[in-house]
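The structure under discussion appears below in the form of structure tokens.
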Amino acid sequence: MNKAVFLDRDGVINEVLTDRVKFVNTPEDFYLLEGAGEGVHLLQEAGYKVFVVTNQGGIGLGFMDEKMLHNVHDHMKEELRYYDAHIDEIAYCPHKPHENCPCRKPKPQMIHDLARKWDIALDKSYMIGDREPDIIAGKEAGTKTILVGTRDKEKVKADLVFEDLLEAAKHLTDSL
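Counting with the numbering used here, you get residues 320 to 495 for the letters of the sequence shown.
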């Protein structure tokens, strides 16, 4: 079985709710966070499969369509290539935030689906996110959890907390 790191996208890989960008609805809105490319590269070099699991309620709300989301993800992949990094697969929930669908985090369906497809040992894997729904999804899926950033730091009970993806990746790869 493989080990994996499941990454939330907005706030972990790219900027969101900053002075420069509120939401990422077009490739032009996508700004890779400092250290994110290096972090993904380190994880892959250490033998982790790397996946993105992201809620994209903007589709259900009509702010963007799935074609534009794929364009954003193509742009993200291009940005990551500069660091010799890639994402093995991207899973996303396109539904409205309060639609109560089975795939939207904090539900663990996206993680479970990827784990089945890629033969992932969830107990040897991590979910890295910047908000409580990410951490809940990881815990419910059976992964270890890492919170990055300070946005939900006081109320989220993650296994580990780091400033950003690069620091989390360094910790995971240093402890091998």
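For every residue, glycine included, the Cβ atom is placed at its ideal position computed from N, Cα and C.
Extent of the continuous alpha helix (DSSP H) run through residue i
| i | result |
| --- | --- |
| LEU352 | Careful: LEU352 lies outside any alpha helix (DSSP H) and carries neither H nor E. |
| THR345 | Premise fails: THR345 is in no alpha helix (DSSP H) and is neither H nor E. |
| GLU486 | 484-493 |
| ILE455 | 451-460 |
| ILE430 | 428-437 |
Residue i versus residue j - alpha carbon distance
| i | j | result |
| --- | --- | --- |
| GLN428 | ALA456 | 8 Å |
| GLU408 | GLU473 | 31 Å |
| LEU269 | ASP449 | Any question about residue 269 goes unanswered here, given that the chain covers just 320 to 495. |
| ASP338 | ASP348 | 12 Å |
| GLU364 | ILE447 | 17 Å |
| VAL335 | ASP478 | 24 Å |
| ASN321 | LYS443 | 8 Å |
| THR492 | ALA404 | 15 Å |
| TYR445 | HIS490 | 12 Å |
| ASP432 | CYS412 | 12 Å |
Extent of the continuous beta strand (DSSP E) to which residue i belongs
| i | result |
| --- | --- |
| VAL372 | 368-374 |
| VAL480 | 479-481 |
| LYS463 | 463-467 |
| ALA410 | 408-412 |
| MET279 | Only positions 320 to 495 of the chain appear in the structure, and residue 279 is not among them; the question remains open. |
Residues that DSSP places opposite residue i in a beta bridge
| i | result |
| --- | --- |
| ALA323 | LYS368 |
| ASN390 | According to DSSP, ASN390 bridges with nothing at all. |
| ASP329 | ASN333 |
Per-residue burial, residue i [other beta carbons within 10 Å of its own, 16 or more giving buried]
| i | result |
| --- | --- |
| ASP453 | buried |
| GLY358 | buried |
| PHE481 | buried |
| ARG435 | exposed |
| LEU399 | buried |
| LEU380 | exposed |
| ALA487 | buried |
| TYR367 | buried |
| LYS341 | exposed |
Check: residue i C-beta below 7 Å from any heavy atom of the ligand NAD
| i | result |
| --- | --- |
| ILE430 | Because no ligand of any kind appears in the structure shown, any question about the ligand NAD cannot be addressed here. |
Task: Contact between the segment 364-375 and the segment 391-408 (3+ Cβ pairs under 8 Å) - done: Contact between the segment 364-375 and the segment 391-408 is present, because at least three Cβ pairs lie under 8 Å.
TODO: Specify whether the segment 418-432 and the segment 345-356 touch according to this definition: at least 3 beta carbon pairs, one from each stretch, less than 8 Å apart.
DONE: no
Open item on the list: Measuring CB atoms only, is the segment 459-474 touching the segment 325-335, in the sense that at least three cross pairs come out at less than 8 Å?
Closed with: Judged by pairs of C-beta atoms under 8 Å, the segment 459-474 touches the segment 325-335, as three or more such pairs exist.
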